Structures are given as C-alpha cells and as structure tokens.
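Trainee: This structure is in structure tokens; I'll ask about it shortly.
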Amino acid sequence: MIKPRKRSDAAENCRLILQAAKKLFAEQGVQTVSMHQIAKTAGVGQGTLYRCYAHKGDLCAAIAEQVGMDTVKQLEAFLLTNKDLPASERIGGVLQYIIQFIDEKFQLLLPIHTVHDCEDESAFFRSPMYRLVWDKLTGLYAELEPGYDASAAPAQEAKAAGREERDAAWQRASAKAHILLSSLNPAGIIHMREGMGLDREQITRYYCELFAR
C-alpha cells in the first residue's frame, strides 16, 4: 500500500509544480522565472522539483505539450470540416494554426528548442505533437502528388517502420512535411516578427507561398 501512495504523492507534486510554473510564467515571463521560484511557489523542495523536471526546458515542454495538443485538436477539426477544400488550401490552414501557436507561445517554445539542440537533437521529432502534425501534412502533400490514390497510401505501421521508400510519392510527401515543420523554428518566427518587422499575417502568407502550393 505504501508504493501506490508514493506514486500518488509524486504525481501530485508534479501537478503542483506544473501549476506553479504556469502561473509564474504567465505573470513574469519564462526567462525571468527561476527553478527556485517555481519550487517555492509550488511548496516543494528543490530535490522534488528536479525529480519531476530536470530543467526549465522540461517544464516548458510539459506545458507546451498540453497547450499544443489543444491546437492539434483545433487543426484536426479544421481539416475534418474542410475536407473538400483543395489540399493546398488545407495546408495553408494548417500553417495558420501552427504559426499562430508559435507566435502566442514562443516564450514556452524557445527554451524547449534550446534544450533539445544541446541535449537531444532528435527529441522534437519524436514528440507526439510533431508526429501528429507530420502525419496530417504528409497526407495532404500526398494528395498533391500526380496520380494520387488514397487507397494506395502505405499503412500507418509501414510508415512508422520506415518502409515508405517503397512508394516514391509518399516518400516525397513525408519529406516535404518534415522540411516544413523543421523550418518552423520559434526563434526564426520571432526574428521575422521582431527583427524583420513582419506581422503574423505576412509571415503566414510567405510560408503559404513557399509550402502550400
């Protein structure tokens, strides 16, 4: 009976930490908040904090995953509602959702990408959010391929196992989806806004001109 209680306590501590981090990030911004502040606000010790989240990037990733999955649900609803639109227009809609998400949540996203670049360059590409959006975009780019036939698309398990090379059109579609998502680095989006003076609508339009054709 003791072990389940310990697991329950650990889960509750992690929940409190995440709640405190969300509050502090919203009030003060991600960059200015320290891990010590988060532990103090959550009412837990430093050791407990670091057992739940090894660094601020982990915390940001957990929060961004929650918020990001809400965006993915909106994106999926958009695709379902607009399934009769041309694939290029649906890709443009996906871009609009993603760029809006990055523009609004960049303070959470920048630390994640910094940590991933330093510690595990492939972590982002294994995340549930990436895999879901990549899969949707791959399907849309496949529709743009000459002679597209939905019934001929490889099964999900075949794609996941890396056997998409058997179908050159699907391989091109999956590569295009990956290239698009790789280009959407939060630091690059924010530089376009703050360094180049572009607004969100302009950024979205230029991305659509490049990738939604």
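Residue numbers (full-length UniProt numbering): 1 to 213.
Glycine residues also receive a C-beta, built at the ideal position from the N, C-alpha and C atoms.
What you are looking at is a predicted structure, and each value in this text was computed from that prediction instead of being measured.
Between Q28 and A39, is the Cβ-Cβ spacing less than 7 angstroms?
Mentor: Going by C-beta atoms, Q28 is not nearer than 7 angstroms to A39.
Trainee: Leaving out the 5 sequence neighbours to the left and right, which residues in its chain are closer than 8 angstroms to V94 when beta-carbon positions are compared?
Mentor: The residues are L75, F78, L79, V133, K136, L137, L140.
Trainee: Return the first residue and the last residue of the alpha helix (DSSP H) that G197 is part of.
Mentor: Looking at the DSSP string, G197 is not in any alpha helix (DSSP H), and its letter there is neither H nor E.
Trainee: Can you tell me the Cβ-Cβ gap for A20 and A42, rounded? I've got them flagged as a contact below 8 angstroms.
Mentor: The pair is a contact, with the Cβ atoms about 4 angstroms apart (cut-off 8 angstroms).
Trainee: Pull up the CB-CB distance for I102 and L109, whole angstroms please, since I reckon it's below 8 angstroms.
Mentor: Confirmed, Cβ separation roughly 6 angstroms.
Trainee: Where does H36 fall in DSSP's three states?
Mentor: H36: helix per DSSP, three-state reduction.
Trainee: Can you tell me whether E157 is helix, strand or coil according to DSSP?
Mentor: Unreliable positioning characterises E157 in this predicted model, as indicated by a pLDDT of 47, which lies under 50. The coordinate reading is nonetheless provided below. If DSSP states are grouped into helix, strand and coil, E157 belongs with the helices.
Trainee: Assuming L180 contacts S88 (C-beta within less than 8 angstroms), just tell me the rounded distance between them.
Mentor: No, L180 and S88 are not in contact; Cβ-Cβ is about 13 angstroms, not under 8 angstroms.
Trainee: Just confirm the distance between the C-beta atoms of L184 and M192, as a whole number of angstroms; I'd bet it's less than 8 angstroms.
Mentor: Wrong, their Cβ atoms sit about 11 angstroms apart, outside the cutoff.
Trainee: Measure the CB-CB distance between I91 and A212 and report whether it falls below 7 angstroms.
Mentor: Yes, these two residues count as a Cβ contact at 7 angstroms.
Trainee: For S8, which residues from the same chain have a beta carbon less than 6 angstroms from its beta carbon, with the 5 sequence-adjacent residues on both sides left out?
Mentor: Closer than 6 angstroms at the Cβ level, and outside the excluded window around S8, lies no residue.
Trainee: Buried or exposed for G195, please, with buried defined as at least 16 other CB atoms from any protein chain shown within 10 angstroms of its CB.
Mentor: Per the 10 Å Cβ criterion, exposed.
Trainee: Using beta-carbon positions only, say whether K105 and V67 come within less than 7 angstroms of one another.
Mentor: Their beta carbons are under 7 angstroms apart, which means K105 touches V67 by this criterion.
Trainee: Can you tell me whether DSSP reads Q96 as helix, strand or coil?
Mentor: Q96 falls in the helix class under three-state DSSP.
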